[in-house]
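Some notes on the structure that comes next.
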Amino acid sequence: MNIKTLLLASLIAVQANANETEKAPKDLISEVIGYCKDMAADEQIGSALLSAWLLECVNAELEAEGYAPIQKLPKK
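Numbering-wise, our numbering comes out as the position in the sequence shown, counting from 1, plus 1.
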């Protein structure tokens, strides 16, 4: 299965559960962003797709931890 399809399915599932979950702590979000950046490098995600890919990855990881998705990546 394509990684984009998998992440999109996770994002849809995250949005469906968003009303039932709490916000993730900022330090956890930062940690997950770092993890997703490492994955993006391994997957050779191009810079044109990187921002959207990172958001999907972060939200998939947050959902796996039981937290609500974020709407956009935090500023550096």
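No residue lacks a Cβ here, since even glycine has one placed at the ideal position from N, Cα and C. What you are looking at is a predicted structure, and each value in this text was computed from that prediction instead of being measured.
Taking 8 Å as the limit between beta carbons, can you name the residues of its chain near K38, skipping five residues before and five after?
If we look at K38 and ignore the five residues flanking it on each side, its Cβ neighbours are L55.
Whole angstroms is fine: what's the gap from A25's alpha carbon to A61's?
Here the alpha carbon of A25 sits roughly 12 Å from the alpha carbon of A61.
Quick check: V59 and I46, are their CB atoms within less than 8 Å of each other?
No, these two residues do not count as a Cβ contact at 8 Å.
Going by DSSP in three states, E23 sits in which element: helix, strand or coil?
If DSSP states are grouped into helix, strand and coil, E23 belongs with the strands.
Please report the Cβ distance between L162 and V33, rounded to the nearest whole angstrom; I am assuming they are in contact, meaning their Cβ atoms lie under 8 Å.
In the structure as shown, the chain starts at 2 and stops at 77, and residue 162 therefore has no counterpart that could be examined.
For Y68, which beta-bridge partners are listed by DSSP?
Per DSSP, E23.
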